[in-house]
Structure formats: C-alpha cells, structure tokens
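Per this note's numbering, numbering through the sequence shown is continuous, rising by one, with the last residue being 180. From the three backbone atoms N, C-alpha and C, an ideal C-beta is built for every residue, glycine too. The structure displayed is predicted, hence computed values, not measured ones. Have a look at the structure below before the remarks.
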Amino acid sequence: MSAQEETDMRELQSSQIKFQPGDIYAPNDLSMEELKARRGNKKPAKDAFDLLGLNPIKEYKNYNLLSEYVSSMGRILHSRQTGLRPVNQRKISKAIRRAVGIGFLPSTHKHPEILRAQETQFQTRKR
Numbered sequence: 054m055s056a057q058e059e060t061d062m063r064e065l066q067s068s069q070i071k072f073q074p075g076d077i078y079a080p081n082d083l084s085m086e087e088l089k090a091r092r093g094n095k096k097p098a099k100d101a102f103d104l105l106g107l108n109p110i111k112e113y114k115n116y117n118l119l120s121e122y123v124s125s126m127g128r129i130l131h132s133r134q135t136g137l138r139p140v141n142q143r144k145i146s147k148a149i150r151r152a153v154g155i156g157f158l159p160s161t162h163k164h165p166e167i168l169r170a171q172e173t174q175f176q177t178r179k180r
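So this is what it looks like as structure tokens:
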C-alpha cells in the first residue's frame, strides 16, 4: 500500500459514522467520496459584504455598520454570530480595531444613543 492509501485508510477509520444496531447502510457509505460529501463546506460561500461588494476594511469610518459586529460591551462578535466568511470576519475585526484606535468607535461599550434606541425598542415590544 502506498503512503497516500494508508493516510486515506486512517482518515476513513477515524471519521466513520457511528452506526447503531439495526441501522441499514450500503458499502458505498464507507467510501472516501461519501466521507468528503458528508463533511461538506459548512461556511457560507457568500455573506453580506460579498453580496454588496463592500470591502470591510474600507468601512472603518462607518460607525453604524461596525456597531452591528460589536457586543454591547465593546467586544468583537464571533463569526458564528455574525455569519461572515472567515476572510471577511478578519477584515471586519481589523476595521473595528482600526476604528477603536482612531477613536471613531468606543472601545468599552456602544454609543449611548444606540443603547437608548435599543432600550426604547425593547420597551415598545414588551407592551
């Protein structure tokens, strides 16, 4: 067996589906092609910046856009919450850090006007 075949076999054995007693499966369910198809690409192929054709780094002056990707305590949101591709997540993070460094964006919390607007929206929903 060649080195490539050995690594493929090890990869197949380590990532097999855990079949339960009584499950029905075909031999091709154990193939390398099926494994690759099951893994798939979980990340979105396109996100909001790709659809709009924007470069996140150039949007460091856009306070309203950047505040969508920052928590109320001033932390950059994780890509699971933002839904951005890894490339654009890194770019938006860089833009946020750039805006904080220049002083466009507060580093510890959201702007008081935005917090006040969110609070009024929350109170109107309660009623």
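Exercise for the section: Give the secondary structure of I77 by DSSP, where H, G and I count as helix, E and B as strand, and everything else as coil. Expected result: Position 24 of the sequence shown holds residue 77. In the structure shown, I77 sits in coil (DSSP, three-state: anything other than H, G, I, E or B).
Exercise for the section: Measuring alpha carbon to alpha carbon, tell me which of T177, A170 and R178 ends up nearest S125. Expected result: Here residue 125 corresponds to residue number 72 of the sequence shown, with the count starting at 1. Taking only the C-alpha atoms, the option nearest S125 is A170.
Practice task
Output the residue ranges of the alpha helix (DSSP H) runs that lie fully inside the region 127-172 and measure 4 residues or longer, sorted by chain position.
Solution key: 132-135 and 139-155
Problem - Where the alpha helix (DSSP H) containing S120 begins and where it ends - result: Residue numbering aside, residue 120 sits at position 67 when the sequence shown is read from its first letter. Here the alpha helix (DSSP H) through S120 covers Y116 to S120.
Handout entry: Alpha carbon of H131 to alpha carbon of E172, nearest angstrom
Key = As a first step, residue 131 is located in the sequence shown; it is residue number 78 there, counting from the start. As a first step, residue 172 is located in the sequence shown; it is residue number 119 there, counting from the start. Rounded to whole angstroms, H131 to E172 spans 23 Å at the Cα level.
Practice task
Measure the alpha-carbon distance for A148 versus F175 and round it to whole angstroms.
Solution key: As a working mapping, residue 148 is identified with position 95 in the sequence shown. As a working mapping, residue 175 is identified with position 122 in the sequence shown. Going from the Cα of A148 to the Cα of F175 covers about 29 Å.
Problem - Exposed unless 16 or more other CB atoms sit within 10 angstroms - verdict on N141 - result: Indexing the sequence shown from 1 puts residue 141 at position 88. With 16 or more Cβ atoms within 10 Å of its Cβ, N141 is classed as buried.
Practice task
For the alpha helix (DSSP H) containing D42, list its first residue and its last residue.
Solution key: The chain is shown from 54 up to 180; residue 42 falls before or after that span and cannot be answered.
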